[in-house]
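Report on one structure; see the data block that follows.
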Amino acid sequence: MVSAGDFRNGLTLEIDNNVYQVIEFQHVKPGKGAAFVRTKLKNIKDGGVTERTFRPTEKYPQAHIDRSDMQYLYSDGELYHFMNVETYDQFALNEDSIGDSLKFVKENEMVKMLSHGGEVFAIEPPLFVELQITETEPGFAGNTATGATKPAIVETGATVYVPLFVNQGETIQIDTRTGEYMKRV
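Just so you know, we're using this note's numbering here: the sequence shown kicks off at -1 and counts up by one.
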């Protein structure tokens, strides 16, 4: 059990049969009345963010989040197939539970599967991926005064904005958290 006075960013809690992660917290001590803790909580199942206040003595159980390494095998259009590399167990998830977390992940790459109570709620791709550009307009370096960009489609089908000097067929590094171009490889 974790008391509200001990909340920290990133802490996961079970509140009202839901699992929440503390995004922000603030201990407030008003001039009159009792102290309280003001928080922003993110529901890890559906991604909704709520604001809530707690008395510092309220206690909630800490939620245990399992993070396991899985290999993304392939997609058959409806389901995404994964394999546990230690036990070789394979399983599939539908598009609703995946969201757009695999838009920069190629087949046979490793991802982190996040689950609570045996139920998978999120997939974390690697922080940086290297993908080849399959389609982009030709650009010319030096024809702008600022860092202009153009859209480029990478081999997974996702669109990334790249500098004008990057051409079709080149391999680039992408930050999967923001979807931004990092550098040429």
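Glycine included, each C-beta is placed from N, C-alpha and C at the ideal position.
Boundaries of the alpha helix (DSSP H) around S95: E93 to I96. Here V158 is not near G145, since their CB atoms are 8 Å or more apart. One Cα belongs to V0, the other to E107, and the distance between them is close to 37 Å. Under the three-state reduction of DSSP output, A120 falls in the strand class.
Contact check for I21 and L39: beta-carbon distance about 7 Å, within the 8 Å limit, so the pair qualifies. Taking T48 as the centre and dropping the five residues before and after it, the same chain places the C-beta of L39 closer than 6 Å to its C-beta, in chain order. For H25, the enclosing beta strand (DSSP E) has its first and last residue at N16 to V26.
If you check the CB distance, P123 and S95 do not come in under 8 Å. T169 is classed as exposed because its beta carbon has fewer than 16 other beta carbons within 10 Å across all chains shown.
In the assembly as shown, T55 is an exposed residue. Its beta-carbon has fewer than 16 other beta-carbons within 10 Å. Ranked by Cα distance from T51, the first of N92, A150 and V26 is V26. Look at D4 here: in three-state DSSP terms it is helix. In this structure, the beta-carbon distance from V35 to A61 does not fall below 8 Å.
Here Y72 is exposed. Its C-beta has fewer than 16 other C-beta atoms within 10 Å.
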